[in-house]
Structures are given as C-alpha cells and as structure tokens.
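Here is the structure we will look at, set down as structure tokens.
Protein chains: 2
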Amino acid sequence: MIVCASVNAVVYIERNFWDVREQDTTREKKSVVGELGSGMSVSDRKKKQIIEAAIAEFQEKGYAGTSMDRISERAQVSKRTVYNHFESKEVLFHEINQFLVDQVNSALEIPYDNTKPIREMLMELGWAEGALLINPCFMNLARMVMSETIRDPALAADMESRMTLQSDFEAVLRRATEEGRLSVDDPAVAAKQFLGLIKSRGFFPNLYAARVPDRAEIDKIIAESVDMFMAKYSKEPTRAG
Amino acid sequence: MIVCASVNAVVYIERNFWDVREQDTTREKKSVVGELGSGMSVSDRKKKQIIEAAIAEFQEKGYAGTSMDRISERAQVSKRTVYNHFESKEVLFHEINQFLVDQVNSALEIPYDNTKPIREMLMELGWAEGALLINPCFMNLARMVMSETIRDPALAADMESRMTLQSDFEAVLRRATEEGRLSVDDPAVAAKQFLGLIKSRGFFPNLYAARVPDRAEIDKIIAESVDMFMAKYSKEPTRAG
DNA sequence: ATCATTAAACTGCACGGTGTAGTTTACTTC
DNA sequence: GAAGTAAACTACACCGTGCAGTTTAATGAT
C-alpha cells in the first residue's frame with residue numbers, strides 16, 4: 025500500500041497501482057489523513073508520511089533542489105525522525121526510486137490474444153505502453169528518474185531496462201510471425217520501431233513539457249503507429265484509410 | 025571561432041562547427057595552447073579559457089554540480105576574472121547555451137533534390153538529423169541542455185523548437201507529395217513519425233547512455249526508418265528486402 | 001632603441017551571507 | 001523507557017564581493 029503524490033493531488037493506490045486499466049476514478053479513495061489511524065504503528069505511520077512527502081518533493085524539485093528540512097516539514101515529522109528511518113538523503117532517494125520502479129514492473133503485462141484481428145491486437149499492444157503514458161504517477165516518476173539519471177549512465181541503463189517493454193514486445197512479435205500473422209524479419213528492430221513511434225510522440229515531448237496526455241491523444245498516436253507498422257510488417261500490405 | 029570541449033577532448037571548430045559533413049578529422053587541429061599567442065588580447069584569451077572550462081564543467085557535472093571556483097581553477101584564471109566577464113553563474117550558463125544553440129541552428133540545412141530517387145532523398149533527409157547524432161559536440165550540448173530544462177518546461181519548449189527539424193521536414197514532405205513523389209496525407213504526423221523513428225533509436229538511448237553512435241549504426245537506423253516510412257507513404261508500396 | 005608612464009586587466013586571498021546534510025541536546029508523550 | 005519533537009549546532013560548500021598589489025601592453029619621451 026503506497027501513494028503516488030503528484031504535484032496537485034495525492035492519489036491512493038492499493039495493489040495494481042500502475043495498472044490504469046483497472047483504475048476506477050469513481051472508486052472510493054480514502055484520504056491520506058483518513059487512513060492514518062488504522063492498524064499501523066506510529067513508527068510505520070511516520071515512515072509513510074516521510075515517503076509521501078519525499079516523493080512529492082523529489083518530483084517537484086528534483087534531488088538537488090530538495091532539502092531534508094522541507095521533507096520533514098512536509099511530512100509533519102521532525103528532521104531527526106527522518107534520519108531515524110533513512111540514514112541519508114541519498115538512501116532515501118534510492119529507496120523511493122527502487123520502490124516505485126518495482127511497482128511499475130509488477131503491474132505490467134503484455135497482452136497476446138491470437139483470436140483477435142491483428143490490428144486490434146497491435147492496438148492493445150500499443151496501449152500496454154500507452155497506459156503508462158497517460159498515468160500521471162508514471163510520468164512524474166519518469167521525470168524524476170530520468171532527470172537524475174541523465175548524468176549516471178549505469179543507473180540510466182538499469183532504469184531503462186527495467187522500465188521498458190522491449191523484450192515483451194519482441195516476444196509477441198516473434199510469436200505472431202511464427203503463427204503467420206505478421207511478417208517480422210527482425211523482432212528486435214520491429215519492437216524498437218513500434219515503441220519508438222509511440223514514445224517519440226507520446227512520451228518524450230510530454231516528459232519535457234511536464235504534461236500528461238489524454239486518452240484520445242494517445243489513441244491517435246497508437247493508431248497511426250499501428251498503421252505504419254502494419255504497412256511494413258503485416259502479411260498482406262494493408263493501406264489503412 | 026570557438027571550441028567544443030567534450031569530456032575527453034577539446035575539438036577545434038572554425039566556421040561550420042556543427043556541420044559534421046564538412047568535418048575532416050585529418051585536417052590540422054591547432055591545440056588550444058598553440059593558438060593562444062596569436063592576435064588575441066589577454067582579456068579575450070582569458071574569456072575564451074573561461075568559456076571552454078565552463079562548457080566542460082557544465083557538460084560533465086550539470087549546472088548545480090558545477091562551482092565557479094572549479095571553473096576558474098580549470099580555466100587557469102582567478103575567480104575574480106570570471107566575474108569580470110560574466111556577472112553571475114546563471115548568466116554564464118545561459119550565454120553558453122545561447123551561443124551553442126545558435127551554432128546548431130546556423131549550420132543546419134535540409135536537402136531537397138527531386139531529381140534523386142525517393143529512397144535516396146529520404147536517406148539524405150534522415151542524415152540531416154543523423155549528422156547531429158554522431159556529433160559529440162551536439163550530443164554533449166543536448167545532454168547539458170536537456171538535463172537542465174527538464175524542470176523548466178518553458179525553456180524546454182523553446183529549446184525543443186529551436187533544435188528540432190520538424191518544420192523543415194514537413195515542408196519537404198509536403199512538396200514531395202505535391203510533386204507526386206510521396207503520398208503523405210498529414211505532413212506533420214508523417215514528419216513526426218519519421219523523425220521519431222530515428223530519434224527514438226539514435227538519439228534518446230544514446231543521450232542517456234552518454235555515448236555517441238557511429239556512422240554505421242545511424243545509417244542502419246535511418247535505412248530501416250526509410251523502409252518503414254516508404255512502406256506507408258510511398259506512391260506505390262515497395263517492400264524493401 | 002631604451003626607458004618611464006599609465007590604464008586596464010588579472011591575481012590571490014579573505015570575507016559576508018546563505019543553504020544544507022547531518023548531529024546533539026533537552027524536553028515531551030505514550 | 002522507547003520513540004518523537006523542536007531547536008540549536010557543526011561542518012562545509014558555494015556564490016559573489018572587496019581590495020591591495022602585480023602583470024600586461026601600449027604610448028610617448030629621451
């Protein structure tokens with residue numbers, strides 16, 4: 025049980041945190057304050073407050089721009105308590121990153137349903153990525169991680185590999201080709217192209233513009249990416265109108 | 025006359041600084057030290073040293089990680105002299121950014137030659153972008169700028185618009201369609217797709233991995249992008265082997 | 001050609017002010 | 001008494017300034 029504190033709101037997440045497909049905005053969302061009393065030790069409660077505050081601060085100001093004083097203030101906790109839970113600023117930052125990235129990983133699943141038309145299947149495949157792009161929590165995390173790892177190539181590579189869907193896409197494309205539904209000679213290249221078409225328009229521009237695209241926007245991008253992908257890799261070339 | 029100080033080397037540039045197509049690695053490269061005596065006042069010389077040092081430091085450590093003390097030390101100049109030339113750290117940073125970005129802009133030109141086969145023309149078009157990607161100076165600049173602007177959306181948008189080839193690509197695609205050489209319904213989307221195919225594989229991964237790709241690597245990416253682009257947008261669908 | 005003069009730029013160092021990571025201490029609450 | 005709190009404190013790094021003294025280069029006089 026953890027929260028994603030975005031700039032404007034604190035959204036509650038329980039299990040399938042990142043899986044937007046299961047998120048229901050009408051579902052009850054206990055406020056952070058409302059949750060506080062139940063079944064948590066004081067220590068755990070404080071720790072949770074610290075984590076929430078730290079996520080918010082790091083995402084808003086970045087690592088260097090965030091001070092431990094402000095975190096403790098925002099968490100309504102004394103600075104010493106922060107240090108009782110996390111031995112240093114760096115440890116706090118890395119534990120949070122670790123945790124959030126793990127959340128992303130555990131929630132991801134790539135669909136493959138060979139009974140559906142190939143176009144529809146590709147759309148769903150594209151939406152596995154697209155679901156992340158319209159999730160404010162994910163975009164905030166991505167901005168935080170990527171702004172801090174751009175000067176740390178090793179860490180950047182690690183994060184990249186853990187947050188990308190590359191290998192899963194490859195597997196699906198390979199299988200679809202084996203089943204004669206696509207004609208992909210190099211699944212690695214094709215997967216990069218497909219993801220690249222989506223990310224270059226739906227991810228990076230928004231990452232730097234600090235905005236979150238809406239469903240319609242991403243749907244258009246995915247549809248156009250599928251069109252292009254199919255023009256190149258479908259069994260019999262279809263020109264989509 | 026200015027230099028691009030990369031992490032490992034200081035490369036001399038005279039006019040067509042960014043235009044890798046004209047760069048000749050065998051051409052004489054005066055060392056910075058060798059150049060020092062000739063025709064520059066002491067003041068100009070010192071200023072140049074400061075700029076070189078600042079570029080290197082900012083690119084290696086980022087804005088926050090760079091101290092004016094280290095810049096002065098690296099430039100072999102007193103700290104006071106740095107402040108005589110640049111009134112603050114921020115001014116120094118922005119003047120450098122401004123200058124480098126202007127260099128990029130002035131060197132860019134998008135080819136359009138309708139006597140060449142369409143595939144060849146697209147390859148050249150792709151290489152207009154590719155030339156930047158294999159240029160260490162450009163990649164270092166991009167890393168510096170993007171790492172600092174990710175928390176400043178307005179500046180990021182400005183930089184993006186000034187460093188992207190989007191509109192030029194659009195114009196070329198529109199013209200090629202008018203001349204019946206391509207069948208592009210939406211030039212804006214098509215330009216984004218084409219550039220996206222290239223950048224998502226040749227730019228962003230390398231930006232974060234802190235590496236510079238070589239010609240062969242980029243050539244493969246561009247060729248595969250052209251293949252895909254043509255599968256969707258060429259007059260008569262060609263399946264490239 | 002050689003020497004003095006002069007202005008501008010550079011040096012080196014110390015210093016004020018600020019921000020921040022992390023620690024200590026004395027006090028409170030459960 | 002275990003954990004939290006508030007506030008002061010240490011140690012340090014950094015930006016930017018002031019200043020006394022030195023270098024540089026150009027000018028002009030001898």
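Note that the protein sequences, when read in sequence, are chains P and Y. Per our numbering, the very first residue in the first sequence carries number 25; after that it's consecutive. Per our numbering, the very first residue in the second sequence carries number 25; after that it's consecutive. Even for Gly, the Cβ is constructed at its ideal location relative to N, Cα and C.
Exercise. How is LEU132(Y) classed by DSSP in three states: helix, strand or coil?
Worked result: Coil.
Exercise. Along the region 196-230 of chain Y, what residues have a CB closer than 8 Å to any CB found in chain P?
Worked result: Of all residues in the region 196-230 of chain Y, the ones placed with a Cβ closer than 8 Å to any Cβ belonging to chain P are VAL213, LYS216, GLN217, LEU219, GLY220, LEU221, LYS223, SER224, ARG225, PHE228, PRO229, in chain order.
For this session: Return the residue from the list LYS71(P), GLN83(P), ALA80(P) that minimises the CA-CA distance to VAL101(P).
Result: Out of LYS71(P), GLN83(P), ALA80(P), LYS71(P) has the C-alpha closest to the C-alpha of VAL101(P).
Exercise. Just checking, does the region 192-212 of chain Y make contact with the region 136-154 of chain Y on the three C-beta pairs under 8 Å criterion?
Worked result: Yes, the region 192-212 of chain Y touches the region 136-154 of chain Y.
Exercise. For GLU59(Y), does the three-state DSSP call read helix, strand or coil?
Worked result: The pLDDT assigned to GLU59(Y) is 43, lower than 50, so where the model puts this residue is not dependable, and the model offers no usable value.
Exercise. Is the shortest distance between the beta-carbon of ALA234(Y) and the beta-carbons of chain P less than 7 Å?
Worked result: Closer than 7 Å: yes.
For this session: Please confirm if GLU248(Y) has its CB atom under 7 Å from at least one CB of chain P.
Result: Yes, its Cβ sits closer than 7 Å to a Cβ of chain P.
For this session: Give me the Cα-Cα distance between ILE172(Y) and PHE193(P), rounded to the nearest whole angstrom.
Result: One point to set straight first is that residue 172(Y) is Glu, not Ile, in the sequence displayed. Roughly 32 Å between the two C-alpha positions.
Problem set entry | C-beta neighbour in chain Y for LYS171(P), strict 7 Å | Looking at the sequence itself, residue 171(P) is Ser, so the reference to Lys does not match. Taking Cβ atoms only, chain Y reaches closer than 7 Å to SER171(P), which makes this a yes.
Exercise. Would GLN127(P) be called buried (16 or more neighbouring beta carbons within 10 Å of its own) or exposed?
Worked result: Looking at its Cβ environment, which holds 16 or more other Cβ atoms inside 10 Å, GLN127(P) is buried.
Problem set entry | Opposing strand residues paired with LEU206(Y) [DSSP bridges] | DSSP output for LEU206(Y) lists SER258(Y) as bridge partner(s).
Exercise. Of the choices SER249(Y), LYS244(Y), SER258(Y), LEU189(Y), whose alpha-carbon is the least far from that of SER130(Y)?
Worked result: Ranking the options by Cα distance to SER130(Y), first place goes to LEU189(Y).
Exercise. Taking Cβ to Cβ, would you say ILE242(P) is nearer than 7 Å to ILE158(P)?
Worked result: In this structure, ILE158(P) lies closer than 7 Å to ILE242(P) by Cβ.
Exercise. Buried or exposed: which applies to GLU114(Y), given that a residue is buried once 16 or more other Cβ atoms fall within 10 Å of its Cβ?
Worked result: By the 10 Å Cβ count, GLU114(Y) comes out exposed.
Problem set entry | Members of the region 116-145 of chain Y near chain P, C-beta cut-off 9 Å | Sequence-ordered contacts of the region 116-145 of chain Y with chain P are nonexistent [C-beta pairs closer than 9 Å].
Problem set entry | Test: ARG94(Y) CB closer than 7 Å to a CB of chain P | No, no contact with chain P.
Exercise. For LYS140(Y), which of helix, strand or coil comes out of DSSP?
Worked result: Assignment of LYS140(Y) by DSSP, reduced to helix, strand and coil, places it in the coil class.
Exercise. Can you find a C-beta in chain Y that's less than 7 Å from the C-beta of MET147(P)?
Worked result: Not closer than 7 Å to any Cβ of chain Y, the Cβ of MET147(P) fails to qualify, so no.
Problem set entry | Neighbour list for PRO177(Y) in chain P, Cβ cutoff strictly below 9 Å | Correct list: TYR232, ALA233, ALA234, ARG235.
Problem set entry | Entirely enclosed alpha helix (DSSP H) segments - the region 176-247 of chain Y, minimum 4 residues | As far as the region 176-247 of chain Y is concerned, its whole alpha helix (DSSP H) runs of at least 4 residues are 177-187, 190-202, 211-226, 228-233.
Exercise. How about ALA78(Y) and LEU116(Y): are their beta carbons less than 7 Å apart?
Worked result: Taking C-beta atoms as the reference points, ALA78(Y) and LEU116(Y) count as a pair closer than 7 Å.
Exercise. Should ALA255(Y) go down as buried or exposed, given a rule of 16 or more other Cβ atoms within 10 Å for buried?
Worked result: Around the C-beta of ALA255(Y), 16 or more other C-beta atoms lie within 10 Å, and the residue is accordingly described as buried.
Exercise. In angstroms, rounded to a whole number, what distance separates the CA positions of VAL106(Y) and ASN121(P)?
Worked result: Their backbone Cα atoms lie some 38 Å apart in a straight line.
Exercise. Does the count of Cβ pairs from the region 216-233 of chain Y and the region 224-236 of chain P closer than 8 Å reach three?
Worked result: Yes: the two stretches touch, three or more of their Cβ pairs being nearer than 8 Å.
Exercise. Taking Cβ positions only, does LYS259(Y) come closer than 7 Å to chain P?
Worked result: Using a CB distance cut-off of 7 Å, LYS259(Y) does not count as an interface residue toward chain P.
Problem set entry | Per-residue DSSP class, three states only, for ILE174(Y) | For ILE174(Y), the secondary structure class from DSSP, reduced to helix, strand or coil, is coil.
Exercise. Under 7 Å between C-beta atoms, does GLY150(P) make it to chain Y?
Worked result: So no, GLY150(P) is outside the interface.
Problem set entry | 6 Å Cβ shell around MET168(P) - same chain, five flanking residues per side excluded | Take MET168(P), set aside five residues on each side of it, and the residues of its chain with a beta-carbon closer than 6 Å to its own are PHE82, GLN83, in chain order.
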